[in-house]
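I have placed the structure first, in the form of structure tokens, so that the comments after it can refer back to it.
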Amino acid sequence: MKLNYIAFAIPFFASFMLLEYYISKRKNRNVHHFNESVANLNVGIVERITDLLTTGTFYFIFSWLNANFSIFSIESSATTWILLFFATDLVWYWYHRLGHTVNVFWATHIVHHQSDDFNYTAAARITVFQAVARGLFWCVLPIIGFKAEMITVLLLIHGTYPFFTHTQLVGKLGWLEYIIVTPSHHRVHHSSNPEYLDKNYGDMLIIWDKFFGTYIEETTEPQYGLTKSLESYSFLWQHFHYVLELTVAFRMAKTFRKKLNVIFGGPNDIDERIRVLLERKFSNKTVDIQYSKKLINAIISKTIITMGVLFFTILFSEYITASVMFLLAGFIVLSVIVTGAMLEQKKWIFHLEFLRIGIVSYVVLSFFPNLLLLSVIVLLGIVGVLFYQTIHSKYQDFLFSA
Ligand SMILES: [Zn+2]
Ligand SMILES: [Zn+2]
């Protein structure tokens, strides 16, 4: 049986998140907020499923670039592995630095910085757009001459290490602070204290920040999150608010030069009033909502189920047909949109729930084609459509009443 062992990254990282939660509670350190943690996990869940597609695509692109455009032919040896490690970390530094200073890249990276919490769940907050931007930067490596197989191994290492720098529970690490990126360095990077802005971009080695002048030591208590907090847990709004802001700014720019500046300039060049305008139209700020116990339990159980579906989808990805994979990915994306919207108590959740049940029924039927099962599902579907309004209001009462 050909299993995709990347799936085990999910229980691996999840167990460290639980451990961090447990330790923080024991130490009486309040480093988690329920809504922030759910929103963070939601972003990570979708990135994991979309990664199935991008990782394979980039492996193909790296191999193609290496076969056709490589400057050197680099074979695997101890020296070349060390060289590749330094090369990937340097490329990462610039990919990350430009991710903060060039709008088109900031649009892909901003989601990672939206959480006002700083813990292991925030490490999961990576989008597929960010993964694509990173992959584009890494294209320089096969052109230099490194093989796709070697690059993929390094991608795995770079995908694992930074998870552990997202914590407030680990203090300074002595002499290691001079060499590697530590939680202390990355706390600075995630904070919005004026003196800490645009600092400590390194992924595994802190030497690049020291060399290029972007290093700063953690001396005062960091304030986490964006300089202007998003105050929204909507999955869609988190992903696309900056793209919308750029689109409006692009339209408003009068000259070609100014339009180019919207794309390639920095975040400071974008008029802050655009966000306010868009928020009024598309988003309502929802940080202060009190959640009922029922709603919290519903969100937790949905998140666990979604992570389970994600785990098995990745584990058995070799055996899943393209159409079922598409549906499962759709189910996962809909599920996180639903839990994000539950945090904001949106009324349209039920329509998505109905769609989710439809997908589950189709997938179950495709695995177990059975006439009796089909009849039951069709019957339940008819009942669901006939009593749609009643079930809708009952569902809403259940979730949102105290
Ligand atoms: Zn960053
Ligand atoms: Zn980070």
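Residue numbers (the UniProt record's numbering): 1 to 402.
In this text, a Cβ means the ideal position worked out from N, Cα and C, and glycines have one as well.
Distance cut-off 7 Å: residue i Cβ against heavy atoms of ligand 1
i	result
histidine 158	no
histidine 166	no
glutamate 112	Sequence check: residue 112 is histidine here, not glutamate. Answer for histidine 112: yes, Cβ within range of ligand 1.
histidine 109	yes
beta-carbon residue i near ligand 2 non-hydrogen atom, thresh 7 Å
i	result
proline 222	no
proline 267	no
residue 404	Look at the range of the chain in this structure, 1 to 402, and you will see that residue 404 is not part of it.
histidine 96	no
proline 162	yes
histidine 189	yes
histidine 186	yes
Where the alpha helix (DSSP H) containing residue i begins and where it ends
i	result
threonine 227	Where threonine 227 is concerned, there is no enclosing alpha helix (DSSP H), given that its DSSP letter is neither H nor E.
methionine 342	322 to 343
tryptophan 64	34 to 69
methionine 17	9 to 26
serine 184	183 to 189
aspartate 397	388 to 400
serine 301	293 to 315
serine 366	349 to 367
glutamine 290	From DSSP, glutamine 290 is part of no alpha helix (DSSP H); its letter is neither H nor E.
tryptophan 106	103 to 109
histidine 239	235 to 252
methionine 150	148 to 160
residue 410	Residue coverage of the chain in this structure runs from 1 to 402, which leaves residue 410 outside it and unanswerable.
arginine 275	272 to 282
phenylalanine 212	207 to 212
phenylalanine 72	No alpha helix (DSSP H) holds phenylalanine 72; DSSP gives it neither H nor E.
asparagine 193	Segment: none, asparagine 193 is in no alpha helix (DSSP H) and carries neither H nor E.
valine 262	256 to 264
threonine 219	First-last for threonine 219: undefined, no H or E at that position.
methionine 121	This sequence places threonine at residue 121; methionine is not what is there. Per DSSP, threonine 121 belongs to the alpha helix (DSSP H) from 120 to 123.
C-alpha distance - residue i paired with residue j, whole-angstrom precision
i	j	result
serine 144	phenylalanine 72	According to the sequence as given, residue 144 is isoleucine; it is not serine. Each residue's Cα considered, the two are about 6 Å apart.
arginine 257	histidine 109	24 Å
aspartate 203	valine 276	33 Å
valine 104	isoleucine 263	5 Å
leucine 372	isoleucine 391	25 Å
serine 301	leucine 41	13 Å
asparagine 243	valine 111	Note that residue 243 is valine in the sequence shown here, rather than asparagine. If I take the Cα positions, the gap works out to 11 Å.
glutamine 168	glutamate 218	12 Å
alanine 341	glutamine 389	19 Å
isoleucine 206	alanine 14	27 Å
leucine 156	phenylalanine 212	26 Å
isoleucine 314	asparagine 261	40 Å
serine 292	glutamine 345	11 Å
leucine 365	serine 323	13 Å
leucine 386	leucine 380	10 Å
histidine 96	tyrosine 201	6 Å
tryptophan 138	glutamate 47	18 Å
glycine 358	alanine 39	25 Å
phenylalanine 312	alanine 124	19 Å
threonine 247	valine 376	47 Å
isoleucine 320	leucine 3	11 Å
alanine 87	leucine 141	8 Å
tryptophan 81	alanine 67	19 Å
serine 361	phenylalanine 34	31 Å
phenylalanine 282	serine 234	10 Å
tryptophan 94	glycine 135	13 Å
alanine 249	isoleucine 274	7 Å
lysine 199	glutamate 318	41 Å
threonine 255	alanine 122	39 Å
Integer-rounded CB distance, given that residue j should sit under 8 Å from residue i
i	j	result
histidine 32	tyrosine 22	Not confirmed; about 11 Å, so no contact.
leucine 327	isoleucine 337	At roughly 15 Å, the Cβ-Cβ gap does not stay under 8 Å, so leucine 327 and isoleucine 337 are not in contact.
glycine 171	alanine 133	32 Å between Cβ atoms; not a contact.
isoleucine 45	methionine 307	7 Å
leucine 84	leucine 154	6 Å
threonine 50	valine 128	4 Å
glycine 266	threonine 101	5 Å
leucine 334	leucine 355	6 Å
Distance cut-off 7 Å: residue i Cβ against heavy atoms of ligand 3
i	result
isoleucine 144	By its list of ligands, the structure shown excludes ligand 3, since it contains just ligand 1 and ligand 2.
Three or more C-beta pairs under 8 Å: does that hold for the segment 197 to 217 against the segment 115 to 124? Segments in contact, no.
Sufficient close CB pairs (3 or more, under 8 Å) joining the segment 157 to 165 to the segment 180 to 200: Touching, per the Cβ criterion.
Counting pairs of Cβ atoms below 8 Å between the segment 170 to 181 and the segment 53 to 70, do you hit three or more? Under the three-pair Cβ rule at 8 Å, the segment 170 to 181 does not count as touching the segment 53 to 70.
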